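A short write-up of the structure that comes next.
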Amino acid sequence: MRISSTLYGLMAEFDDANALVAATRRAHDEGYRRMDAYSPFPIEELHEALGSHHSRLPLIVLIGGLCGCVGGYALQYWAAAIAYPLNVGGRPFNSWPAFIPVTFECTILVAALSAVLGMLALNGLPMPHHPVFNVPRFALASRNRFFLCIEVKDRKFDLESTRRFLETLEPREVSTVAD
Amino acid sequence: MTSLRQTADQLIPELAPRQRQLLMAGGVGLAVSLVGLFFNPAQFLQSYLMAYMFVLGIALGCLALGMVHQLSGGAWGVVIRRPIGAAARTLPLLTLLFLPIALGMRHLYVWTDASLVAHDEVLQHKHVYLNVPFFLIRAAIYFAVWNALSYFLNAWSLEQDETGDPRIARRMQRLSAGGLLAYGLTITFASFDWLMSLEPHWFSTIYGVLILGGQGLSALAFLIAVLVWLSRRPPLDDIIAPEHFHDLGNLMLAFVMLWAYFAFSQYLIIWSGNLPEEIAWYLHRLQTGWRFVGLSLVLFHFVAPFCLLLSRAVKRQAQMIVKVALAVLIVRLIDLFWLIAPEFHTAGVWVSWLDVVLPLSLTAIWLGYFVWQLRGRAILPMHDPQFDEALGRILERAGERP
Numbered sequence: 002m003r004i005s006s007t008l009y010g011l012m013a014e015f016d017d018a019n020a021l022v023a024a025t026r027r028a029h030d031e032g033y034r035r036m037d038a039y040s041p042f043p044i045e046e047l048h049e050a051l052g053s054h055h056s057r058l059p060l061i062v063l064i065g066g067l068c069g070c071v072g073g074y075a076l077q078y079w080a081a082a083i084a085y086p087l088n089v090g091g092r093p094f095n096s097w098p099a100f101i102p103v104t105f106e107c108t109i110l111v112a113a114l115s116a117v118l119g120m121l122a123l124n125g126l127p128m129p130h131h132p133v134f135n136v137p138r139f140a141l142a143s144r145n146r147f148f149l150c151i152e153v154k155d156r157k158f159d160l161e162s163t164r165r166f167l168e169t170l171e172p173r174e175v176s177t178v179a180d
Numbered sequence: 211m212t213s214l215r216q217t218a219d220q221l222i223p224e225l226a227p228r229q230r231q232l233l234m235a236g237g238v239g240l241a242v243s244l245v246g247l248f249f250n251p252a253q254f255l256q257s258y259l260m261a262y263m264f265v266l267g268i269a270l271g272c273l274a275l276g277m278v279h280q281l282s283g284g285a286w287g288v289v290i291r292r293p294i295g296a297a298a299r300t301l302p303l304l305t306l307l308f309l310p311i312a313l314g315m316r317h318l319y320v321w322t323d324a325s326l327v328a329h330d331e332v333l334q335h336k337h338v339y340l341n342v343p344f345f346l347i348r349a350a351i352y353f354a355v356w357n358a359l360s361y362f363l364n365a366w367s368l369e370q371d372e373t374g375d376p377r378i379a380r381r382m383q384r385l386s387a388g389g390l391l392a393y394g395l396t397i398t399f400a401s402f403d404w405l406m407s408l409e410p411h412w413f414s415t416i417y418g419v420l421i422l423g424g425q426g427l428s429a430l431a432f433l434i435a436v437l438v439w440l441s442r443r444p445p446l447d448d449i450i451a452p453e454h455f456h457d458l459g460n461l462m463l464a465f466v467m468l469w470a471y472f473a474f475s476q477y478l479i480i481w482s483g484n485l486p487e488e489i490a491w492y493l494h495r496l497q498t499g500w501r502f503v504g505l506s507l508v509l510f511h512f513v514a515p516f517c518l519l520l521s522r523a524v525k526r527q528a529q530m531i532v533k534v535a536l537a538v539l540i541v542r543l544i545d546l547f548w549l550i551a552p553e554f555h556t557a558g559v560w561v562s563w564l565d566v567v568l569p570l571s572l573t574a575i576w577l578g579y580f581v582w583q584l585r586g587r588a589i590l591p592m593h594d595p596q597f598d599e600a601l602g603r604i605l606e607r608a609g610e611r612p
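So the protein lines, in turn, are chains A and B.
Quick note on my numbering: the first sequence kicks off at 2 and runs consecutively.
Quick note on my numbering: the second sequence kicks off at 211 and runs consecutively.
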């Protein structure tokens, strides 16, 4: 019992990107879901090998963009047609062509802010510490080693059988990650 | 694998019969439309100008994108470099196809009518620029510049294929830098001459880049369609990956937005200025039935492709992106229809049968010529500096490392 409460997961270390992608695919096929892969550079296939769970970020950005669009137009409509209705060269107060650039800019502004803030809210950053750093060799993840970490929280996780499974993937090393 | 060094003709035997079919279909279409030339030469030339600008836009857009790729690099351009080169090598044909416009000028451009100019003070002032000899001299200069750029870039590309000398890439870069500048200038004046002067009183300084952005969009849509076709046959079927379509789809989205930005800027500036000599162009269009054509452009040249191309799934699936690309090519033609036809049919929307037959036949002939050019060279540029970045990993995985 003591072990499971202080354990974060099991981590396998690989020499190259292809081995990591292959191992991740195997782990996903085996039924593991609560896992993450770490590499020194982005690997396109990893996203899909991890079982690309759909992120809610696009929806947040879309809603942000629509709010910016409606808000930007409403601001101009209120200013030009309600609060300060000025006759400019006989044009209607609600002159939509003139409002488009600002409406567009507001759409982009709010969508971009939603993307950044939504991303931070969803991934929990900034995070001062993460258990994977308890493995000293993990420092190599930003140099030339590739890591796959299966977390204790996974339903299929079992210290013995998961370790045995990771050994079959021919890693350099399998280490326990303390929480 | 050595086979990728063979010419496209040897690797894709289907190209030769396709070329014959296209040339035959185009020839028949052109022969049929000669009936139109006989009965209504003015309408023939209006439709011909639209069809010609459409096809020229694809070829010049390809030439320009090729030069952009020489300068910017990037994996996106490697898989389309050969179709780009083949499209640029169609410029001699397009030079020849310009002749009907040069010969039929008096049916298209009212400023060629001396008696009309004599009674029009504005046109008298513009006569320094808008006169027949200078128009033809300028056209000769444009074609000389475009053909020279295409000739040297393609000749050096062939040399690069054969020798793999890294200095050639540097040389192509240097030419592309000046070439892009030359393209920007020539296409601006060419669009002023061939399209804007249809209404010689009117002027819009953004018109040139509007045409330029449209040509880039046409070229990208065309290249995506070609790449999808190639990706369904050996040898490229296991080489072209979703990432390639993703990159090109993103670029197409950027060009859709660029076109919308230019088109709307022109409208906003003229609407804000509200000057009699500028608004006429829009009045002819927006106060007649032509406004529905304009509205369809807003919806199908911007809103629909913009929303579709936001989706990652659409951009990564060949069968989805090819539909968007073909639809974009159709609206590109409608955009040219919107620029040209309202000048001659002021009462309202008028579609002649030549507006359908001529673009189809000219495109078929051009496409046949394009396929012929594509056949003669290897289908991938093995010595492109970005080749490994774009395809190295994929070829390695398939065990086809050259």
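We put the beta carbon where it would ideally sit given N, CA and C, even for glycine.
Just so we're clear, the structure is a prediction, and the values are computed from it rather than from any experiment.
- In the structure shown, THR573 of chain B adopts helical secondary structure according to DSSP, grouped into three states.
- Listed along chain B, the residues sitting closer than 7 angstroms to PRO98 of chain A by beta-carbon distance are TYR477, LEU478, TRP481.
- CA-CA distance, TYR78 of chain A to CYS150 of chain A, rounds to 54 angstroms.
- Note that the C-beta distance between SER257 of chain B and SER571 of chain B is not below 8 angstroms.
- Neighbours of GLY69 of chain A in chain B, taken as residues whose beta carbon is under 8 angstroms from its own, are absent, since the nearest beta carbon is some 16 angstroms off.
- With a threshold of 8 angstroms between beta carbons, ASN460 of chain B makes no contact with chain A.
- Annotated three-state conformation of THR322 of chain B is helix, per DSSP.
- Per DSSP, ALA13 of chain A is one residue of the beta strand (DSSP E) stretching across 8 to 15.
- Non-local C-beta neighbours of GLU14 of chain A in its own chain, meaning closer than 7 angstroms and more than five positions away in sequence, comprise ARG138, ARG146, PHE148, PRO172, ARG173, GLU174, ordered along the chain.
- With respect to the C-alpha of PHE402 of chain B, the residue from B:VAL327, B:ARG291, B:TYR417, B:VAL567 having the closest C-alpha is B:TYR417.
- About 6 angstroms separates the CB atoms of PRO515 of chain B and VAL534 of chain B; that is less than 8 angstroms, so the two are in contact.
- Residues of the same chain with a CB within less than 6 angstroms of the CB of LEU427 of chain B, apart from the 5 flanking positions on each side, are PHE465, TRP469 in chain order.
- DSSP places ASP371 of chain B in the helix class (H, G or I) of the three-state scheme.
- Contact annotation for GLU45 of chain A against chain B: GLU453 [CB-CB distance below 7 angstroms, chain order].
- Residue-level contact by beta carbon holds for GLY90 of chain A and chain B, with a gap shorter than 8 angstroms.
- When DSSP states are grouped into helix, strand and coil, ILE151 of chain A belongs to the strand group.
- The beta-carbon separation of ALA297 of chain B and ALA269 of chain B, rounded to 5 angstroms, stays under the 8 angstroms limit for a contact.
- For LEU121 of chain A, the closest of A:TYR74, A:ILE44, A:THR108, A:LEU58 by C-alpha to C-alpha distance is A:LEU58.
- ILE101 of chain A belongs to the set of residues whose beta carbon lies under 8 angstroms from a beta carbon in chain B.
- Distance from the CA of TRP439 of chain B to the CA of ALA574 of chain B, rounded to the nearest whole angstrom, comes to 16 angstroms.
- Against chain A, the CB of PHE516 of chain B has no partner CB under 8 angstroms away; the residue lies outside that interface.
- For the pair LEU509 of chain B and ASP545 of chain B, the Cα-to-Cα distance works out to about 12 angstroms.
- Residues of the same chain with a CB within less than 6 angstroms of the CB of ALA379 of chain B, apart from the 5 flanking positions on each side, are PRO595 in chain order.
- In terms of Cβ geometry, ALA235 of chain B and LEU584 of chain B do not form a close pair [threshold 8 angstroms].
- Contact check between the segment 68 to 84 of chain A and the segment 106 to 122 of chain A: three or more CB pairs, one atom from each, fall below 8 angstroms, which counts as touching.
- When Cβ-Cβ separations below 8 angstroms define contact, PHE472 of chain B makes no contact with chain A.
- Here DSSP, grouped into helix, strand and coil, assigns THR300 of chain B to coil.
- Distances from the alpha-carbon of TYR39 of chain A to those of A:PRO102, A:ALA84, A:THR25, A:ASN124 put A:THR25 closest.
- Annotated three-state conformation of VAL534 of chain B is helix, per DSSP.
- Annotated as distal: LEU408 of chain B and ILE311 of chain B, with beta-carbon spacing of 8 angstroms or more.
- Inclusion of PHE264 of chain B and LEU543 of chain B in the CB contact set at 8 angstroms is warranted, their separation being smaller than that value.
- Unbroken beta strand (DSSP E) runs of no fewer than 3 residues, entirely contained in the segment 30 to 113 of chain A, are found at 36 to 39, following chain order.
- Minimum Cα-Cα distance from PHE105 of chain A among the listed residues A:VAL117, A:ALA80, A:ALA75, A:ALA116 corresponds to A:ALA75.
- In this structure, the CA atom of ALA20 of chain A is about 12 angstroms from the CA atom of THR169 of chain A.
- Here the C-alpha atom of HIS593 of chain B lies approximately 6 angstroms from the C-alpha atom of GLN370 of chain B.
- Shown here, VAL289 of chain B sits in coil according to DSSP, grouped into three states, outside any helix or strand.
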